[in-house]
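**Q**
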Amino acid sequence: GAVVSQHPSRVICKSGTSVKIECRSLDFQATTMFWYRQFPKKSLMLMATSNEGSKATYEQGVEKDKFLINHASLTLSTLTVTSAHPEDSSFYICSARVLGGANVLTFGAGSRLTVL
Amino acid sequence: QQQVKQSPQSLIVQKGGISIINCAYENTAFDYFPWYQQFPGKGPALLIAIRPDVSEKKEGRFTISFNKSAKQFSLHIMDSQPGDSATYFCAATDAGGTSYGKLTFGQGTILTVHP
Numbered sequence: 001g002a003v004v005s006q007h008p009s010r011v012i013c014k015s016g017t018s019v020k021i022e023c024r025s026l027d028f029q030a031t032t033m034f035w036y037r038q039f040p041k042k043s044l045m046l047m048a049t050s051n052e053g054s055k056a057t058y059e060q061g062v063e064k065d066k067f068l069i070n071h072a073s074l075t076l077s078t079l080t081v082t083s084a085h086p087e088d089s090s091f092y093i094c095s096a097r098v099l100g101g102a103n104v105l106t107f108g109a110g111s112r113l114t115v116l
Numbered sequence: 001q002q003q004v005k006q007s008p009q010s011l012i013v014q015k016g017g018i019s020i021i022n023c024a025y026e027n028t029a030f031d032y033f034p035w036y037q038q039f040p041g042k043g044p045a046l047l048i049a050i051r052p053d054v055s056e057k058k059e060g061r062f063t064i065s066f067n068k069s070a071k072q073f074s075l076h077i078m079d080s081q082p083g084d085s086a087t088y089f090c091a092a093t094d095a096g097g098t099s100y101g102k103l104t105f106g107q108g109t110i111l112t113v114h115p
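Line order of the protein sequences matches chains A and B. The numbering of the first sequence is our numbering, which starts it at 1 and goes up by one. The numbering of the second sequence is our numbering, which starts it at 1 and goes up by one.
This is the structure in structure tokens:
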């Protein structure tokens, strides 16, 4: 149980385009999801907290207009990288907190974004 | 105060040996300390976690030791196997607070187990 699916797993786009990454909780409801960014051989850095039905909370230094987060249902959060540039190339990973669960945090498999 | 410091950056161990990774934290509000294993191109997977009300937790070959007064915790991998070769991250969060789930990660340790 408690599976989080991310799609796409890999995406390559041209500079200036926008890319949407989906994070789905497959067998549970998640009122809260988290988006992390990971550079090669580096640690995970929290970007934002995604709350179902309300605005996301962004960490300091994260551009909310660049990284649009939408959490429209209890099983889906999306991260849209707008006007992507090569420096946005990274590994984006989401995690979800199981609603009512006891301290269960499940991570997705990640989405590798490459901006040419 | 939100930092979690992890060491060493990399670790090479022979098969059958013990791998030890250490972490230290500053925020006394942290009360949930998970360890994650990550393979290249994959998301992190929970290995084992501990709360500060116990000093040690063991699951199979993996053991967490926790020292609340020193604000340190460590992961011990007994009988290390080549399949354990991965990057390991310690993390911490305030499980009882509204920030639960906002994990602060250590810098990561690349473990290589030689056959």
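Every residue, glycine too, gets a C-beta built ideally from N, C-alpha and C.
For my contact list, L26(A) and F34(A) are in at a C-beta cut-off of 8 Å; report their separation, rounded to the angstrom.
**A** Here residue 26(A) corresponds to residue number 26 of the first sequence, with the count starting at 1. Here residue 34(A) corresponds to residue number 34 of the first sequence, with the count starting at 1. In fact, because the Cβ distance is near 17 Å, the residues do not count as touching under 8 Å.
**Q** Check each candidate in H76(B), V113(B), P82(B), P115(B) and name the one with the smallest Cα separation from V36(B).
**A** Reading the second sequence from its first residue, position 36 is the one you call residue 36(B). Contrary to the premise, residue 36(B) reads as Tyr rather than Val in this sequence. The shortest C-alpha separation from Y36(B) is found at H76(B).
**Q** Identify the continuous beta strand (DSSP E) that holds Y36(A) and give its terminal residues.
**A** Walking along the first sequence from the start, residue 36(A) turns up at place 36. Unbroken beta strand (DSSP E) run through Y36(A): 32-38.
**Q** Just the Cα atoms here: how many angstroms apart are S65(B) and S55(B)?
**A** In the second sequence, the residue the question calls residue 65(B) occupies position 65. In the second sequence, the residue the question calls residue 55(B) occupies position 55. Whole-angstrom Cα-Cα distance: 6 Å.
**Q** Just to confirm the assignment, what range does the beta strand (DSSP E) spanning Q29(A) have?
**A** Taking the first residue of the first sequence as position 1, residue 29(A) is located at position 29. Segment: none, Q29(A) is in no beta strand (DSSP E) and carries neither H nor E.
**Q** Is it right to say P44(B) is buried, meaning 16 or more other beta carbons lie within 10 angstroms of its own, or is it exposed?
**A** Taking the first residue of the second sequence as position 1, residue 44(B) is located at position 44. P44(B) is buried by the Cβ-count criterion.
**Q** Note down, one range per segment and in chain order, each beta strand (DSSP E) of at least 3 residues found wholly within the region 85-114 of chain B.
**A** Complete beta strand (DSSP E) runs here, min 3: 86-92, 109-114.
**Q** Can you tell me which of V4(A), V81(A), A30(A) puts its alpha carbon nearest to the alpha carbon of S15(A)?
**A** Along the first sequence, one-based indexing puts residue 15(A) at 15. For the residues V4(A), V81(A), A30(A), the minimum Cα distance to S15(A) belongs to V81(A).
**Q** Do we get a CB-CB distance below 9 Å when we pair L111(B) with the residues of chain A?
**A** Within the second sequence, numbered from 1, the residue matching residue 111(B) stands at position 111. By this cut-off, L111(B) is not an interface position.
**Q** Under the rule that 16 or more other beta-carbon atoms within 10 Å means buried, what is T109(B), buried or exposed?
**A** On the second sequence, position 109 is the one that residue 109(B) refers to. Result: buried.
**Q** Specify, as a first and last residue, the run of the beta strand (DSSP E) that K41(A) falls within.
**A** Residue 41(A) sits at position 41 when you count from the first residue of the first sequence. Here K41(A) belongs to no beta strand (DSSP E), and DSSP marks it neither H nor E.
**Q** Flag R24(A) as yes if its beta-carbon sits less than 9 Å from any beta-carbon of chain B, otherwise no.
**A** Residue 24(A) sits at position 24 when you count from the first residue of the first sequence. With 9 Å as the cut-off, R24(A) does not count as an interface residue toward chain B.
**Q** Look up E22(A) in the DSSP assignment and give the residues it is bridged to.
**A** Residue numbering aside, residue 22(A) sits at position 22 when the first sequence is read from its first letter. According to DSSP, which records beta bridges pairwise, E22(A) is partnered with H7(A), T78(A).
**Q** Against L75(B), what residues of chain A qualify as contacts under a CB-to-CB distance less than 9 Å, listed in chain order?
**A** The residue labelled residue 75(B) in the question sits at position 75 within the second sequence. Correct list: empty, because the minimum Cβ distance to chain A is about 15 Å.
**Q** Tell me, please, whether the CB atom of V93(A) is closer than 9 Å to any CB atom in chain B?
**A** Numbered from its first residue, the first sequence carries residue 93(A) at position 93. One detail in the question is off: residue 93(A) reads as Ile in this sequence, not Val. Chain B contact via Cβ: present.
**Q** Could you list the residues in the region 35-55 of chain B with a C-beta less than 9 Å from some C-beta on chain A, going in chain order?
**A** Result list: Y36, Q38, G41, K42, G43, P44, A45, L46, A49, R51.
**Q** If you draw a straight line from the alpha carbon of S5(A) to that of E22(A), how long is it in whole angstroms?
**A** For this step, residue 5(A) is matched to residue 5 along the first sequence. For this step, residue 22(A) is matched to residue 22 along the first sequence. Using only the alpha carbons, I get a separation of about 8 Å.
**Q** Out of Y25(B), S10(B), L11(B), which has the shortest C-alpha to C-alpha gap to D94(B)?
**A** As a first step, residue 94(B) must be located in the second sequence, where it is residue number 94. For the residues Y25(B), S10(B), L11(B), the minimum Cα distance to D94(B) belongs to Y25(B).
**Q** Anyone know if the C-beta pair for A96(A) and A30(A) falls short of 9 Å?
**A** For the purposes of this step, residue 96(A) is taken as the residue at position 96 of the first sequence. For the purposes of this step, residue 30(A) is taken as the residue at position 30 of the first sequence. In this structure, A30(A) lies closer than 9 Å to A96(A) by Cβ.
**Q** Taking C-beta to C-beta, are A86(B) and Q9(B) nearer than 9 Å?
**A** Here residue 86(B) refers to the residue found at position 86 of the second sequence. Here residue 9(B) refers to the residue found at position 9 of the second sequence. Cβ distance not < 9 Å, so A86(B) and Q9(B) don't count as in contact.
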